[in-house]
Each structure stands twice: as structure tokens, then as C-alpha cells.
Amino acid sequence: MSNDAGSEDGLAGAFRFDLPPGWIRAETAQDPDQARFLAGAALAALHPVGMGRTSVPMALLCDRMALLAAEASLRLTGKPAGLAALRDAVHLIRPGEHPDPAGNVAQAWRQAARQRLEPGAGEAAPLAAAATAYEDSRADHPGDLPGALMAAEAALAGALGWPFLLPVLTAGFSRRDLAPRGPDLELACARALVASAPRAQRLAGDLARRAARLRAVAPKLRAKAAPAAVDLLLRVDALTPALALSPVVQGTAARMSDRAARRFCDRLVQLGVLREFSGRAAFRIYGL
């Protein structure tokens, strides 16, 4: 892996978003042959998204789905943490501080989703590659279930030729799905994909629409640092103004005071562009 997903905006929308076919449903994937067929159809529908050929900012989608995968992987370990808790663990830590164990899992998923994958398309069937990577990782690191799930997601994405790890399996697994080995594990991967890929496609469409609205209002924003702040919002799941936008916008030299950063985000909420995720009066967290 190399390079950073933040450099890929995925904005050249060569494809419009369609809803996934309604017949791709988890409840119809009980028969093994049907599960494999539906998994193939789900991947075909999702492939333009995974390749970055749609109008959704790829870095944003990867970051949002990484957090969802972190939530799912913690559930599978028996130590659940909700999205709100994970966002707090990730976005409220200051430089030099360390997140709690759940936050470490979330950060690991986010980091994995930012790294460009080495070319690997065609080396193995995608679901077989995912199952093998999961088994190998579990054998090498028996106590690291999230790491094994990341390995499976990376193998699936690499086999499909996707440039970045877009987690589309993990949220579809149940704990009993991860006990089988060999062909049975590959079948469990197929069923997990059928369960989660349509949700991923709908999320991509929703984020594409939200990103378009943000771009549409961006020219009206008066803050000098607004272009840098908008660019950051198009790359991350969420942020807290006091840490990500002030005293400088993260990753830039664009300056913004704490008060200006909060007003900037609140203005975008008023315009219906941003959402405030925490529900708190202080230590607020914003994202598309």
C-alpha cells in the first residue's frame, strides 16, 4: 500500500447513481448458488463506486465506511461501540493524546482505507481472496479479529482492482459467519456482501448528493479559509471545528479562529449542507 486517499477526490462523475437492484436481498441468499449469484450482481452494481468513477468523493466515502466497519468489527468482537462513541474517540483527542481501545480500532480502519492498494486485480476470485486473507490473518494473529477483517476487505478490493479499501463485507457478517473455514467461509463472505453492498451503494449516492450541495454553496462562504475547510469536509467522515479547523485548517496553512470555525460549521448546518452528529451544545462534531 502507498499514497493517501485524500489525494483522490473521485469527482469525475462518469456514472450516475442508480439504486441497487431490489432483488439483491440478504433473505434471498440462503441457497449457496443463489448467494454466489447475488454477490456477483452486488459487486457489479457497486464496481463503479469502488473504482472511483462516480461523483462521490472517494476519500469521504472510504472514511465514512471505515467508521461503519469499525463499529461492525467491534460488535463482532463482543465489545460494541456506537458511531457516536467512535466519533468522539476519533475526533475529540488532542495532539499527543491516545484514543481508547475502540478508538484505536476506528483509527486503524480509517488508516487502512486511506492507503492506495497495490494492483492485484485478476490474481484470484474476489470472494476466495477475501476468505483466504481472513483465514491467514486469523492464523497469524488469532486475537485480532478487526485486523483479519481489514485483510479480507483489502484482498477483496485488490482482486477487483479497486484503488482503495472500501469496506463492503464487514457490516454484513454475523458472529456465526466467521466460524467456518474454506468454501464455507467463502460462502459466508458472499452472503455478507449481499447484505451490505446495497447499503454501501445507497450511502455513496447519499454522500454524492450532499457533496454536490456543499460545492454549490461554497462560493457564498465568506471566510478566507472556507475553500480549505470545504475541501476537508469533502474528505473526512466528520470533524470538530476547534481541532480540525482552528487555529489552521488541518493539513493546510489556512488560518481560522475557533469562533470563526464554529460559525462556519453552524452556517452550513443552517443551509442544510452539514449535519451535527453529537447532539451536544459543546464539543460538537460535524460532517456531511
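Counting in the numbering used here, the sequence shown tops out at residue 1392, every number present.
No residue lacks a Cβ here, since even glycine has one placed at the ideal position from N, Cα and C.
The structure displayed is predicted, hence computed values, not measured ones.
Residue i burial status per 10 Å Cβ neighbour count (16 or more: buried)
i, result
"GLY1200", "exposed"
"ASP1192", "buried"
"HIS1202", "exposed"
"GLY1156", "buried"
"GLY1309", "buried"
"ALA1342", "buried"
"HIS1195", "buried"
"VAL1373", "exposed"
"VAL1377", "buried"
"GLU1257", "buried"
"GLU1175", "buried"
"GLY1110", "With a pLDDT of 41 at GLY1110, under the threshold of 50, the modelled position of that residue is not reliable, and no figure is offered here."
"ARG1168", "buried"
"MET1105", "Confidence at MET1105 is low in this model, with a pLDDT of 41, below 50, so the placement of that residue should be treated as unreliable; the coordinate-derived value is given next. Exposed."
"GLY1207", "buried"
"PHE1400", "Past the boundaries of the shown model lies residue 1400; the chain is included only from 1105 to 1392, so the question cannot be answered."
"SER1241", "buried"
"ALA1333", "buried"
"PHE1119", "Note that PHE1119 has pLDDT 39, beneath the 50 cutoff, so the model's placement of it is unreliable and the number below is only indicative. That one is exposed."
"ARG1214", "buried"
"ALA1116", "For ALA1116, the predicted structure reports a pLDDT of 37, less than 50, and the residue's modelled location is therefore unreliable. A value from the coordinates is still provided. That one is exposed."
"PRO1161", "buried"
The alpha helix (DSSP H) enclosing residue i, as first and last residue numbers
i, result
"VAL1153", "1136-1154"
"VAL1334", "1330-1337"
"MET1360", "No alpha helix (DSSP H) holds MET1360; DSSP gives it neither H nor E."
"PRO1205", "1205-1218"
"HIS1245", "Run containing HIS1245: none; DSSP gives neither H nor E here."
"GLU1175", "1162-1180"
"PRO1184", "Here PRO1184 belongs to no alpha helix (DSSP H), and DSSP marks it neither H nor E."
"PRO1287", "1287-1321"
Residue(s) in a DSSP beta bridge with residue i
i, result
"GLY1391", "ARG1379"
"LEU1343", "TYR1390"
"VAL1352", "ARG1359"
"THR1274", "In the DSSP output, where bridge partners are listed per residue, THR1274 has none listed."
"PHE1268", "ARG1220"
Whole-number beta carbon distance between residue j and residue i, since they are thought to touch under 8 angstroms
i, j, result
"GLY1276", "ALA1299", "4 angstroms"
"LEU1150", "ALA1301", "5 angstroms"
"ALA1188", "PHE1387", "Going by Cβ atoms, the distance from ALA1188 to PHE1387 rounds to 12 angstroms, so no, they are not a contact pair."
"LEU1231", "ALA1143", "6 angstroms"
"LEU1337", "LEU1392", "6 angstroms"
Closest by C-alpha distance to residue i, when choosing among the options
i, options, result
"VAL1321", "LEU1264, PHE1368, ALA1146, ALA1235", "PHE1368"
"ARG1140", "ALA1316, LEU1291, MET1169", "LEU1291"
"ALA1146", "GLN1215, ASN1208, ALA1237, ALA1304", "ALA1304"
"ALA1447", "ARG1168, LEU1249, CYS1166, GLY1265", "Missing from the structure shown is residue 1447; the chain here goes from 1105 to 1392 and no further."
"ARG1366", "GLN1354, GLY1355, ARG1242, LEU1349", "LEU1349"
"ARG1314", "SER1382, SER1278, VAL1352, LEU1164", "LEU1164"
"ALA1217", "GLN1138, LEU1297, VAL1272, ALA1386", "VAL1272"
"LEU1221", "TYR1238, ALA1173, LEU1260", "LEU1260"
"PRO1205", "GLN1219, THR1181, ALA1228", "THR1181"
"CYS1166", "GLN1219, ARG1295, ARG1379, ARG1285", "GLN1219"
"LEU1249", "ALA1212, VAL1352, ARG1317", "ALA1212"
"ALA1173", "GLN1354, SER1278, ALA1237, ALA1243", "SER1278"
"ASP1370", "ALA1357, ALA1358, LEU1311, ILE1389", "ILE1389"
"PRO1284", "ALA1316, SER1177, ARG1319, THR1236", "THR1236"
"GLY1286", "LYS1328, TYR1238, LYS1324", "TYR1238"
Cutoff 7 angstroms: residue i Cβ touching any chain C Cβ
i, result
"LEU1343", "Of the protein chains in the structure, only one exists, and it is not chain C."
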